[in-house]
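*Asks:* This is the structure I want to talk about, given as structure tokens.
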């Protein structure tokens, strides 16, 4: 079933995509744009996925050292300035 869009802004965008991608037709330009957007949307990680990755990385690092002295460490790094 063909799709006909009568929207000047959409037509302008399709023509721009067609020009930039050198698509042979408007239909091919729309096909390329939609395919690209679908691939991009599928590749984006959700917040929960990103958080799970951060939690995994933190777990690999392990717990902090309760005996660590940040003041002494900072002094050592600065050379006692």
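In the numbering used here, the protein residues as written are 6 to 86.
Glycine included, each C-beta is placed from N, C-alpha and C at the ideal position.
If we call anything under 8 Å between Cβ atoms a contact, is residue 11 one with residue 23?
*Replies:* Counting from one through the chain shown, the residue named residue 11 turns up at place 6. Counting from one through the chain shown, the residue named residue 23 turns up at place 18. Cβ atoms of residue 11 and residue 23: not closer than 8 Å.
*Asks:* Counting C-beta neighbours from all protein chains within 10 Å, is the total for residue 19 16 or more, i.e. buried, or is it exposed?
*Replies:* Working through the chain shown from its first residue, we reach residue 19 at position 14. Counting Cβ neighbours within 10 Å, residue 19 comes out buried, since at least 16 surround it.
*Asks:* Roughly how many angstroms separate the alpha carbons of residue 74 and residue 86, rounded to a whole number?
*Replies:* The residue labelled residue 74 in the question sits at position 69 within the chain shown. The residue labelled residue 86 in the question sits at position 81 within the chain shown. Those two C-alpha atoms are separated by around 17 Å.
*Asks:* State the CB to CB distance for the pair residue 28 and residue 17, rounded to an integer number of angstroms; the pair is presumed to be in contact (CB under 8 Å).
*Replies:* One-based indexing of the chain shown puts residue 28 at position 23. One-based indexing of the chain shown puts residue 17 at position 12. Their Cβ separation, rounded to whole angstroms, is 15 Å, which puts residue 28 and residue 17 out of contact at 8 Å.
*Asks:* Does the distance from the C-beta atom of residue 90 to that of residue 40 stay below 8 Å?
*Replies:* With the chain represented from 6 up to 86, any question about residue 90 goes unanswered, as that position is not in the structure.
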